[in-house]
RNA sequence: UCCUUGGUAGCUCAAUUGGCAGAGCAUUCGGCUGUUAACCGAAGGGUUGUUGGUUCGAGUCCAACCCGAGGAGCCA
């Protein structure tokens, strides 16, 4: 039998006879011709079955194929400009057809479908080309994340998923039974990361995190993946430099390796191509002024019919504020020095202005908004204890965390990048639920 | 949790003032040697989300409930 070739590699086999194994993505007939669009997981190519080139039984079998039927064909690879597919431009002139299974009537057609139907059929929807492209970009982003961190002296030290207490509020935790004791699914690995840097210098954890928030928006999942780097001897300014290098690497790697996928997604690449250091920095004070100036002028939130609402200094940004800010820049923007009051207890206040803290969020352009949250951490044990008390958190639980500041404390910083939001931005999608194979949303965990 | 909005064939949708339940795609059968979500002809396919109410008569009006979608708050 001719060698088995992946559709993505067909261009290297023009003029050769090859074997393809896959599924019928689409079929049209024309009397003595059957045009199959065949899918093998690496791409889609047209396979042409001409009655004169195969046995009568094989032609009948080809005629009987339904969408998603599984089959193995052999045939001659031709360059053919008319041939559709991913990447397209090549087709297989079929010589033999082996049908593995004739698929039952497949519910997902090439026509339009509603999101409810598609989510109920997520196990099948993953086969569709846009979903295929998105999941492949996700995998490349994960590779790029590890590649950059591993190549820049970070050690991957993973943090526990089962934890006894929350880093942030307790209302958004999934509780589980740890042999009779209540335990929670982790919302972040950050506190453990801070322990790890004192052993390894620069570390990161990368895995799923869980938030039982009652959020029903295009930007939220109950279970999502986050990569959290943490760095010893690193202040806020150095952290921002790391973030812009890191994010630029991820985007450039996708542009290099995901051209076919981004084309399927019809992604406009002009903004992505500009993602390179340095990123603009925006102080919270200036962000507030920008928002209020826009509110005064009655500007609309990009993509929405509503005007930009005004904001009072000291409040956290609402969703419309963030969308507005993120749309004002061509590159990702680093918004720093948020009010201490709206941020977590462990963030370092600015020395000569304690009402703001040394925190930074990275907002993706084109209105995509926050994909990174990070800060310089409090490094003085007494200040940290005071902050824990001020936030009315149980001191015993954070004893070990305070301990880190007693044995060689240093200035240190870290951040968390949300994988699904990053995939959403790179792919140009309008909802995070398409960025993970089986999303867990507020109201749905099936399939 | 709140606001807005929707649920009719496998899917996407239509059905005038309350008056016989409709189309395209998909499926099955027939035709066609270059189709690109092909085209032409034929057939099958319905407890109109659920329960109750008003009415001679309800997909349509009323009430409650169920399940989605968009947005807010909160966040990555």
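In our numbering, the protein residues as written are 1474 to 1920.
Even for Gly, the Cβ is constructed at its ideal location relative to N, Cα and C.
- Between residue 1818 and the set 1620, 1479, 1841, 1867, the nearest pair of CA atoms involves 1867.
- With contacts defined as CB atoms closer than 8 Å, residue 1559 and residue 1737 qualify as a contacting pair.
- Secondary structure of residue 1493 (DSSP, three-state): strand.
- Our two residues, residue 1801 and residue 1839, have alpha carbons roughly 8 Å apart in a direct line.
- Counting only the Cα atoms, residue 1537 lies some 12 Å from residue 1577.
- In the DSSP assignment, residue 1566 falls within the unbroken beta strand (DSSP E) covering 1558 to 1574.
- Nearest Cα to residue 1901 within the set 1486, 1834, 1603: 1603.
- The continuous stretches of beta strand (DSSP E) do not include residue 1637, and DSSP gives it neither H nor E.
- Within the same chain, 1661, 1663, 1699, 1700, 1701, 1845, 1846, 1847 come within 8 Å of residue 1889 by CB-CB distance, once the 5 residues on both sides are set aside.
- When Cβ pairs closer than 8 Å are counted between the two stretches, the segment 1581 to 1593 is seen not to touch the segment 1547 to 1559, the count staying below three.
- Distance check between residue 1475 and each of 1489, 1482, 1483 places 1489 closest, using alpha-carbon atoms only.
- Going by DSSP, residue 1673 is part of the alpha helix (DSSP H) stretching over 1663 to 1673.
- Straight-line measurement puts the Cα of residue 1708 at about 14 Å from the Cα of residue 1670.
- Under the 8 Å Cβ criterion, the segment 1711 to 1724 does not count as touching the segment 1768 to 1780, having fewer than three qualifying pairs.
- In the assembly as shown, residue 1510 is a buried residue. Its beta-carbon has 16 or more other beta-carbons within 10 Å.
- Taking 8 Å as the cut-off, the Cβ atoms of residue 1575 and residue 1539 count as close.
- Residue 1826 counts as exposed, since fewer than 16 other beta carbons sit within 10 angstroms of its beta carbon.
- Under DSSP, the beta-bridge partners assigned to residue 1698 are 1681.
- The C-alpha of residue 1751 is placed about 15 Å away from the C-alpha of residue 1833.
- By the C-beta density criterion, residue 1777 is exposed, having fewer than 16 other C-beta atoms within 10 angstroms.
- If the five residues before and after residue 1524 are omitted, its C-beta is found closer than 7 Å to the C-beta atoms of 1505, 1532, all from its own chain and listed in chain order.
- Between residue 1607 and residue 1895, the C-beta gap is not smaller than 8 Å, which leaves the two residues out of contact.
- Remark: fewer than three beta-carbon pairs, one from each stretch, lie closer than 8 Å, so the segment 1734 to 1748 and the segment 1875 to 1887 are not flagged as touching.
- For the segment 1772 to 1830, the continuous alpha helix (DSSP H) assignments of 4+ residues that do not extend past its boundaries occur at 1792 to 1799, in sequence order.
- Here residue 1617 is actually not in contact with residue 1691; their C-beta atoms are around 24 Å apart, not less than 8 Å.
- Runs of the beta strand (DSSP E) lying entirely within the segment 1695 to 1760, each at least 3 residues long, are 1696 to 1705, 1754 to 1756 in chain order.
- Across the set 1899, 1677, 1543, 1572, the C-alpha of 1677 shows the shortest separation from the C-alpha of residue 1624.
- If the five residues before and after residue 1572 are omitted, its C-beta is found closer than 6 Å to the C-beta atoms of 1534, 1544, all from its own chain and listed in chain order.
- Taking 8 Å as the upper bound for CB-CB distance, residue 1479 and residue 1513 are in contact here, some 6 Å apart.
- Taking every protein chain shown into account, the CB of residue 1704 has 16 or more other CB atoms within 10 angstroms, so this residue is buried.
- A residue is called buried when at least 16 other Cβ atoms come within 10 angstroms of its Cβ; residue 1795 meets this threshold and is buried.
- Residue 1654 and residue 1483 have their C-alpha atoms some 57 Å from each other.
- A Cβ-Cβ contact shorter than 8 Å links residue 1887 with residue 1666.
- Annotation for residue 1721: 1748, 1749, 1750 place their beta carbon closer than 7 Å to its own, counting only its chain and skipping 5 residues before and after.
- When the beta-carbon positions are compared, residue 1793 and residue 1774 come within less than 8 Å of each other.
- The three-state reading of DSSP puts residue 1886 in strand, counting E and B together.
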